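Residue numbers (UniProt numbering): 1 to 1180.
Okay, structure coming up:
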């Protein structure tokens, strides 16, 4: 059924359960399943047997927890479990995981199975009846004594309940398979389930159009010519003129699109899949032959002549093996040819002229279909809720995850919302005779402006985006409206006439507000509709027109708002928050960094709040049209079995619309303004973060910022009780301002990062982190906001690790590309810069790294860059007989990658130039960067604009960047020569704002090493280079770690010193560390069975114990229920796990004379003995 290429991973049970089961995950382009089969231990009768059952279910728990959200688990096992339905008022009640069929008295295995199904949202299929194609819930086991029971179950996710078609017990097959040749059943019988599978990609017979875009120039010209001919036909012109004379814009638009849509389908639609196939016809035929021979082998039945049967089976098995080898060879050859073809296309000189096709080839070569946000392109859901489920979910208020929707029976009729929240169908719009010669309010001039703005928005509209099935893609409209050579085309005048009709009747076509729902999995480990995000696909021309209406209004953007605001970057908010926390902590002031998130943000905003924003910020003519966008919003959801549900949206904006983010931000920003107005009126502590801007003199509150629906507030506190009191005050006021607008803060996503200063810091942090009361927000030592890591101690190590982790992920996603020698070097370097380096340095303009941290980033990048460079890493020399390695500087210069420090400096200078050109868009950051808090007594700058000793590291970094720019560009002024000093660079008339294209001069390929003082040699032994040698094979390693790695991989020799550490707790001293790695490093440092002194860390004792699922001793395989029992076992040294000595040694040698060699041997033995006694144990 599945080839070897589809097998992704095997899951083996622990040694104590070997032979009882296993799991295999198979993934193809269409399916992703994990099949777990096994035989559970019998019903326990004592404590030891109960431990065996617990170990079995713990292993299954671990396997299911490792599976990604897209993988569908299927459990097929002999569970030795009896399941019992619940009884309420003498009636059986079926739960979500257990049905009422075939109930028996529940045993211990059954209780464990029920708990497992509840935790992972599974259900036992053969406990339910009523499947469409038949069901059998009878016994699956027949004992030799005649007793029957049902102990075999098939378990699948509850979300797949609608896909199950049948579930039966094959008793005839069980009778044939049983070993005992008796007339009655006396063994297990197979339980067979049939289920419909949902493919990741749409089926080839889908009725939707697939657009082959972008098109060739010849096809575009032919399409324009045919549209011109069709729109110029007399009958079309007569119908269009009659439509314009009425007030029905819907009819006008539909008739116009009905003329263009068939022509576009003829030229640009295709029924072919837009992906690369790796299976040719020859490969399919080879695998078909293999399957035919396999069926012949399976169909062999005993004929009575045993020798003949054996020879026949042996011959067919030999032929099958040959056919299988041939099919694999053909498949590998096809893959090589396809890879070669893709590489040849990527090696073309102008391959990056068309980035769309280039990235498609790159994803095909890498074997990845990932798009933005790690979403699989063209994917569909494995589970599709029914129409009733969608209706129940959408009818809920926005604060509860819905959109207050109402079902529409006739979606093509106009409607309006009544005050009680119901929908009333209005009568059809009456035809209005319009005089084309009458021009009221200068509408003709207005239409010209609308048309030009619509074209500008259409030019910026991204192409190749999904649209509703009744609409044309944006690319097609670009071919018609953006070609200046066809400016006299009839379609130009027709669109302007439509816009004129819209202005006259003040009604847009209703189909422009009708969206088709795109269902995207959230990956939040939830079930049903809560696990799916709805993104609305709207007509692209309607989106552009609505955006042009919005752009004509006056939309104020407060200084604290960063998201969905032009000319403002997220790094601005990150730097503002980092700098505020640093300044408070330098004053020894405790702080609470609180992150809020709005639940179901876009669909929750009340219509009244949206209407107020539109009316206040737009003119009367535009507001009338903009109000229709949310008041007439309709969407169609394709539910299970292609059933369509059309609903009218009773709240919120349509996520995916061109103005959805801006409209929501206006509503949410007003709520935040009202919140702080209430805080200023009632709380004096709310004014501790107000800073005066040194340029404009304005008073700015720098303690908060918003990014669309994310809101962060920094509050100075005086203790644990004060923190909780202030948080309660903010929560109550926040709820008061959000509720009238239909919004609600998400309680489970609220996070607080406290930083306590002064006496009793550790006890206060422990009280906040470890002793959190129920119903309060989660306190943590770090949190993620806008992609940046905020830590309680202001360190940048967590941010550094996060950047390296993100770059490592990008590296491994496209790991098939880096070492492909056939791919051109320039293409590999381009991909390395685009995918890996960009992820490594993303958003680091707002960070201040130490030289050691910059060196860590540089080391990681150089390690990966050397693998990308490949053979170019070596260069042939005329003086040397062998190739020599290039220096790091030469490799960076060859790849065109400057050092990390200089690249970050260039990015910071570009950002500073942007800030200087837009002085009104970074008011809070500027006030905090150059001003001082009310509690500070020292200034950041002197009156002459020079840095003081109390300047923040970010300000000092900016000054250093400008100084290096002045050295690289002689015409650029120095800080001391400019009026106002450093502050003078951030004025609109400053030299920094007017500089253009000179920042590359600050780039360098030379890494500046940190000066280190020379270490004096204590004796002759320190001058002899140490070489680590393996005694078994005489392998010589460059470092101790290299020798350890060699011993582990080549000889399978490992030290079990740190193997006894199973969690982030040391089994000796019971101290808890950040991670398992930290606990092992602590354990390796023990001497004479005594652990080193712990608790020296800043946040020592604030980490929770991470209890593993299975607690087994790695030496004696003993099983324990609690980690404390295991620690006592380690202390007792029963199995001598802690006394295993290392098997590696080192030796030193020197290229000297014979006497030097003897000296070297003596030093080798001493070095070996000292190394064995002083070095820590090897890690497993």
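For each residue, glycine too, the CB sits at the ideal point set by N, CA and C.
Note that this is a predicted model, so its numbers are computed, not measured.
Spatial distance of residue i from residue j (CA atoms)
| i | j | result |
| --- | --- | --- |
| residue 632 | residue 466 | 22 Å |
| residue 1183 | residue 125 | What the structure shows of the chain is the stretch from 1 to 1180, and residue 1183 is not part of that stretch, so it cannot be assessed. |
| residue 220 | residue 887 | 52 Å |
| residue 11 | residue 61 | 12 Å |
| residue 968 | residue 688 | 42 Å |
| residue 153 | residue 177 | 19 Å |
| residue 26 | residue 2 | 7 Å |
| residue 1130 | residue 787 | 42 Å |
| residue 902 | residue 800 | 17 Å |
| residue 482 | residue 223 | 14 Å |
| residue 1087 | residue 1093 | 11 Å |
| residue 929 | residue 920 | 15 Å |
| residue 562 | residue 707 | 5 Å |
| residue 1142 | residue 702 | For residue 1142, the predicted model reports a pLDDT of 37, less than 50, meaning its position is unreliable; a value from the coordinates is still stated below. Rounded to the nearest angstrom, the two C-alpha atoms are 57 Å apart. |
| residue 665 | residue 558 | 10 Å |
| residue 484 | residue 464 | 22 Å |
Coil, strand or helix - residue i by DSSP
| i | result |
| --- | --- |
| residue 305 | coil |
| residue 1246 | Examination of residue 1246 is not possible in this model, given that the chain is present from 1 through 1180 alone. |
| residue 1151 | Because residue 1151 sits at a pLDDT of 35, beneath the cut-off of 50, its placement in the model cannot be relied upon, and the point is left open. |
| residue 484 | helix |
| residue 469 | coil |
| residue 847 | coil |
| residue 542 | helix |
| residue 1003 | coil |
Unbroken alpha helix (DSSP H) run spanning residue i, endpoints
| i | result |
| --- | --- |
| residue 701 | No alpha helix (DSSP H) contains residue 701, which is instead part of the beta strand (DSSP E) from 699 to 701. |
| residue 364 | 355 to 366 |
| residue 767 | 761 to 769 |
| residue 816 | 815 to 818 |
| residue 110 | 108 to 119 |
Any non-hydrogen atom of the ligand HEM closer than 8 Å to residue i Cβ
| i | result |
| --- | --- |
| residue 1115 | No copy of the ligand HEM occurs in the structure displayed, which carries no ligand at all. |
Residue i, enclosing beta strand (DSSP E) - first and last residue
| i | result |
| --- | --- |
| residue 948 | From DSSP, residue 948 is part of no beta strand (DSSP E); its letter is neither H nor E. |
| residue 217 | It is not in any beta strand (DSSP E) - residue 217 instead sits in the alpha helix (DSSP H) that spans 217 to 231. |
| residue 8 | 7 to 11 |
| residue 167 | 164 to 169 |
| residue 1215 | Here the chain covers residues 1 to 1180 and nothing more, so residue 1215 does not appear. |
Check whether residue i and residue j have beta carbons under 9 Å apart
| i | j | result |
| --- | --- | --- |
| residue 704 | residue 712 | yes |
| residue 358 | residue 346 | yes |
| residue 63 | residue 23 | yes |
| residue 570 | residue 843 | yes |
| residue 1181 | residue 162 | No statement about residue 1181 is possible, as the shown extent of the chain runs from 1 to 1180 and does not include it. |
| residue 334 | residue 290 | no |
| residue 941 | residue 909 | no |
| residue 1077 | residue 986 | no |
| residue 534 | residue 511 | no |
| residue 1006 | residue 861 | no |
| residue 798 | residue 840 | no |
According to DSSP, residues forming a beta bridge with residue i
| i | result |
| --- | --- |
| residue 590 | 717 |
| residue 597 | 710 |
| residue 39 | 78 |
| residue 1037 | 1028 |
| residue 930 | In the DSSP output, where bridge partners are listed per residue, residue 930 has none listed. |
| residue 577 | The partner list for residue 577 (beta bridge, DSSP) is empty, contrary to what the question assumes. |
| residue 644 | 638 |
| residue 142 | 148 |
| residue 193 | 167 |
| residue 518 | 535 |
| residue 123 | 156 |
Chain B contact for residue i (CB, 9 Å cutoff)
| i | result |
| --- | --- |
| residue 59 | Going by chain labels, chain B is absent from the structure shown, which holds only one protein chain. |
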